[in-house]
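The structure appears right after this line, and notes come after that.
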Amino acid sequence: MVRPRLGPAQRDRRPAGRRSGRPHIREGWAPGGSAGHASTAAGRADLGTFLRAHRPTLVVNAAGVVWQSDERRMREVNVAFVRRLVDELGVLAGPPRLVQIGSVHEYGPVPEGTALDEDTPPRPVGPYGTTKLAATRSVLDAADLDAVVLRVANACGPGAPPESLPGMIARHLAAAEPGPLRLAPLLAYRDFVDVRDVAAAVVAAGAAEAGGRLFNIARGETVPVRHVATRLIALSGRHVRIVEEPPPVRARTDAPWQRVLIDRAVRSLGWKPERDLDASLRDLLAAPGQPRHDSEGRQ
Numbered sequence: 001m002v003r004p005r006l007g008p009a010q011r012d013r014r015p016a017g018r019r020s021g022r023p024h025i026r027e028g029w030a031p032g033g034s035a036g037h038a039s040t041a042a043g044r045a046d047l048g049t050f051l052r053a054h055r056p057t058l059v060v061n062a063a064g065v066v067w068q069s070d071e072r073r074m075r076e077v078n079v080a081f082v083r084r085l086v087d088e089l090g091v092l093a094g095p096p097r098l099v100q101i102g103s104v105h106e107y108g109p110v111p112e113g114t115a116l117d118e119d120t121p122p123r124p125v126g127p128y129g130t131t132k133l134a135a136t137r138s139v140l141d142a143a144d145l146d147a148v149v150l151r152v153a154n155a156c157g158p159g160a161p162p163e164s165l166p167g168m169i170a171r172h173l174a175a176a177e178p179g180p181l182r183l184a185p186l187l188a189y190r191d192f193v194d195v196r197d198v199a200a201a202v203v204a205a206g207a208a209e210a211g212g213r214l215f216n217i218a219r220g221e222t223v224p225v226r227h228v229a230t231r232l233i234a235l236s237g238r239h240v241r242i243v244e245e246p247p248p249v250r251a252r253t254d255a256p257w258q259r260v261l262i263d264r265a266v267r268s269l270g271w272k273p274e275r276d277l278d279a280s281l282r283d284l285l286a287a288p289g290q291p292r293h294d295s296e297g298r299q
């Protein structure tokens, strides 16, 4: 997503905010303006043409391949596209701020009880974490680029992808007569952050004074994934049995434990998560397209 660059008259009318004080959600937009969207399939020439046409002041790269994909596709989108984007932004006159969405899975597995901050050495073991780390390094190593990387925890809330654990459970619970919920063994501990809090972090990063920095974006709380599954069932009012069985394919991460520290983002971005896990799960179940059920599981 790109934010259009404004002309002098439009700059005079825009709200104050970028890199000064609390960020404003509409700061930098022309009245009635809208974001542009670039395809990850675009070649370098097409991407450069797109950026020059829009002359953005802010670019948010939320593109990425996560679930149910192969390593080749992950490298195309998570690494190659980011490198093309970095190269093209670097040659623009007055390069815009880039906010790159990274992942806490870049850290890789750590011993239980470990607290992950931005100085924790990343050691991913799977293709997802490895490709996201390569993208982070490409962004932060670009000397001429004004960029911020947000290492985002496991996102949940309204609109969660159906391939994610919360999204998949919500989709199952939305069925008229859901059968047993078949899941991989629920052994991991994760940090879940609401998608709306992630969006607020992106706004804050776009308005931050200093680029070239890395921030963890999470709730800062470790939660058993089993709790997420059982809580979604309870909140839905459905009577569904969980059946745990080994997955047919290897999971995208082998990290059994995540405790993510967010002190740097709180201190430097003026950001903090506002929604607790229950609110996020309730809103996921209440999102458009999710059938409503009473406490007896009836529609």
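Just so we're aligned, residue 1 is where the sequence shown starts under UniProt numbering, counting upward by one.
Each residue gets a CB set at the ideal place from its N, CA and C atoms; glycine is no exception.
Report task. Determine the DSSP secondary structure at Asp263, reduced to helix, strand or coil. Result -> Three-state DSSP puts Asp263 in a helix.
Query raised in the report: What is the DSSP secondary structure of Glu88, reduced to helix, strand or coil?
Result: Reduced to three states, the DSSP call for Glu88 is helix.
**Report entry** Classification of Gly270 by the beta-carbon crowding that lies within 10 angstroms, buried from 16 upward
**Finding:** Flag for Gly270 reads exposed.
Query raised in the report: What three-state label does DSSP hand Arg141 in the structure shown?
Result: Residue 141 is actually Asp in this sequence, not Arg. In the structure shown, Asp141 sits in coil (DSSP, three-state: anything other than H, G, I, E or B).
Report task. Could you check if His239 is buried or exposed, using at least 16 other CB atoms within 10 Å of its CB as the buried criterion? Result -> With fewer than 16 other Cβ atoms within 10 Å, it is exposed.
Query raised in the report: What is the rounded straight-line gap between the Cα of Leu186 and the Cα of Glu244?
Result: When rounded, the distance between both Cα atoms is 7 Å.
Query - Closest Cα partner of Asp276 within the set Gly220, Thr230 and Ile101 - result: The shortest Cα separation from Asp276 among Gly220, Thr230 and Ile101 belongs to Gly220.
Report task. Return yes when the Cβ of Val99 is within less than 8 Å of the Cβ of Ala135, no when it is not. Result -> The beta carbons of Ala135 and Val99 sit no closer together than 8 Å.
Query raised in the report: In the structure shown, what three-state DSSP assignment does Tyr107 receive?
Result: Coil at Tyr107, not helix or strand.
**Report entry** Close-in-space but distant-in-sequence residues of the same chain around Arg264 (CB under 6 Å, 5 per side omitted)
**Finding:** Hits under 6 Å: Glu118 and Phe215.
Query raised in the report: To which residues of the same chain is Lys132 closer than 8 Å at the C-beta, ignoring the five residues directly before and after it?
Result: Result list for Lys132: Gly64, Asn78, Gly102, Ser103, His105, Glu106 and Pro124, in chain order.
Query raised in the report: When the Cα atoms are used, what is the spatial distance from His54 to Ala200?
Result: The alpha-carbon atoms of His54 and Ala200 are separated by roughly 23 Å.
**Report entry** C-beta contact flag for Glu88 and Leu140 at 8 Å
**Finding:** It is not a contact, given that the beta carbons lie outside the stated cut-off.
Requested in this report: From the DSSP output, read off the bridge partner residues of Glu244.
Outcome: Its beta-bridge partners are Leu183.
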